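So that you can map any letter, position 121 of the sequence shown is 168 in the working numbering, and since no number is skipped, the others follow by simple counting. Where is the CB? At the ideal position from N, CA and C, for every residue including glycine. All values derive from a computational prediction rather than experimental measurement. Shown next, in structure tokens, is the structure this report addresses.
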Amino acid sequence: MWNPVKRTVHLLLISAFIAGCHAHMPDSYGIYADTNHGQISLPGQPILGAGSFISAYFGLRGPSGPESQDLQDFIVYKKDVDPGTLGLSKLDFLREGAVSDFLGSQQKIQVNLWVPEDRAIDVDVKPVEEHRDMYIVKPRKPLDRGFYVLHIGPFRGDISTEVRVYDIVVGNANDFPSYEARVKRDESDFRANADSLLAKMNQLLNRGDYQHIQDVYRPGGNILSGSDLQSFAAGSQTWLNDAGKIVKSEVTSVKLLGENDARCSVVTTYEKAGVQQESMTIRRIGDQFFISEMK
């Protein structure tokens with residue numbers, strides 16, 4: 048049996064430890080996250096939809112701002128909340144999906160939202176003693192890097208009222224961009240690589256160096272070799288003999304064709320043929336970019 052004095056001290060230490068985990072409770076209503084940066088207020092954002100009232104996907108455009116490296120739990124301080132409706136989900140980016148029309152036919156649509164994974168994250172929800180309307184929502188396992196959302200009730204939009212959820216990123220929020228930010232970033236990446244690839248391609252063509260053409264040009268994503276390489280070299284030499292060497296080239300515009308391709312408008316000046324309007328397609332293969340088509 049325990050010594051009564053030691054038992055009392057032990058219980059007091061346990062109580063002090065539990066209280067210390069949340070020594071500071073929020074004074075005003077809201078949704079909060081306990082992180083390595085301290086307690087963060089989550090402003091949240093409304094759920095968006097893609098599709099129609101018959102069939103739709105629901106998600107978020109991107110993070111609302113808060114991020115942490117270590118998220119311990121959430122504090123929900125809100126009136127009239129049923130603790131059984133509190134849920135936590137991890138979000139994945141969905142580019143496109145299929146929805147049904149009145150007749151049940153399926154059609155593809157662009158979604159471009161961060162939507163919940165199929166399985167919700169297991170959490171424990173406990174009321175806070177002496178704090179009415181306050182609950183602690185704690186994940187049963189540490190959260191790995193990702194984009195998370197705390198929601199009250201099912202994660203679903205409503206056409207008649209705004210449904211607000213409370214998101215936070217574990218890691219760097221820039222790793223989970225909105226569709227608009229993703230497009231802007233991709234356009235910048237493709238533009239920078241297009242300029243570099245075009246300059247290298249022109250140098251190889253002017254020198255007649257076709258042995259290293261695979262470092263820059265891969266039609267359809269494939270490496271030129273054998274008879275295909277010979278045909279390309281012969282055609283390029285014939286054109287340059289007629290048009291003259293390339294004096295300069297400039298990428299005038301870049302248009303994304305998808306996640307891994309972009310079409311570029313090019314203005315090229317030749318010694319004999321003068322200024323020509325051309326185009327090329329850039330393809331991202333893994334972490335590298337190549338010219339996949341030239342016209």
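Asked	Found
List the endpoints of the continuous beta strand (DSSP E) containing K188.	Segment: none, K188 is in no beta strand (DSSP E) and carries neither H nor E.
What does the alpha-carbon distance come out to for the pair L60 and P73?	With a pLDDT of only 37 at L60, under the threshold of 50, the placement of this residue in the model should not be trusted, and no figure is reported.
Would you call V216 buried or exposed, if buried means 16 or more other Cβ atoms sit within 10 Å of its Cβ?	buried
In the DSSP assignment, find the unbroken alpha helix (DSSP H) run with T285 in it and report its ends.	273-290
Distance, Cα to Cα, L251 vs V313?	17 Å
With a threshold of 16 other CB atoms inside 10 Å of the CB of V22, please say whether the residue is buried or exposed.	Limits of the chain in this structure are 48 at one end and 342 at the other, which puts residue 22 out of reach.
With three or more C-beta pairs closer than 8 Å as the rule, is the region 101-115 touching the region 165-176?	no
Using C-beta distances below 8 Å, list every residue in its chain close to G268, excluding the 5 sequence neighbours before and after it, in chain order.	R330, I332, F337, S339
May I have the straight-line CA-CA distance separating M327 from M341, to the nearest angstrom?	4 Å
State the start and end residues of the unbroken alpha helix (DSSP H) segment that holds R232.	226-254
Is there contact between the region 230-241 and the region 295-302, where contact requires at least three CB pairs shorter than 8 Å?	yes
Apply the 10 Å Cβ neighbour rule to I270 and answer buried if 16 or more other Cβ atoms are within range, or exposed otherwise.	exposed
Below 9 Å between beta carbons: does that hold for V128 and I183?	no
From which residue to which residue does the beta strand (DSSP E) around D334 run?	Taken as a continuous stretch (DSSP letters only), D334 belongs to no beta strand (DSSP E), as it is neither H nor E.
Return the chain-ordered list of same chain residues with a C-beta closer than 8 Å to the C-beta of D120, the five sequence neighbours on each side being excluded.	A80, D81, I183, V184, K185, P186
Which of the three DSSP states, helix, strand or coil, is assigned to D222?	helix
Compare the C-alpha of R229 against each of Q258, D275, G273, W161 and name the closest.	W161
Pair every Cβ in the region 175-182 with every Cβ in the region 193-212, then say whether three or more of these pairs are closer than 8 Å.	no
Check whether the region 142-157 and the region 88-103 are in contact - that is, three or more C-beta pairs closer than 8 Å.	yes
What separation, rounded to the nearest whole angstrom, lies between the Cα atoms of F194 and S225?	12 Å
Would DSSP call P93 helix, strand or coil?	strand
Report the rounded CA-to-CA distance for I78 versus D139, giving the unit in angstroms.	22 Å
Would you say F202 and G131 are within 9 Å of each other, going by their C-beta atoms?	no
Q323 by DSSP, collapsed to three states: which one?	strand
Over the uninterrupted beta strand (DSSP E) stretch that includes S296, give me the two end residues.	293-303
State the Cα-Cα distance for the pair K247 and G291, rounded to the nearest angstrom.	17 Å
Hey, out of N83, Q324, L95, Q86, whose CA is closest to E209's CA?	L95
According to the neighbour-count rule (16 or more other Cβ atoms, all chains shown, within 10 Å of its Cβ), is A281 buried or exposed?	exposed
Go ahead and label P113 buried or exposed: buried means 16 or more other beta carbons lie within 10 angstroms of its beta carbon, across all protein chains shown.	buried
For E297, which residues of its own chain have a beta-carbon under 6 Å away from its beta-carbon, when the five flanking residues on both sides are left out?	V314
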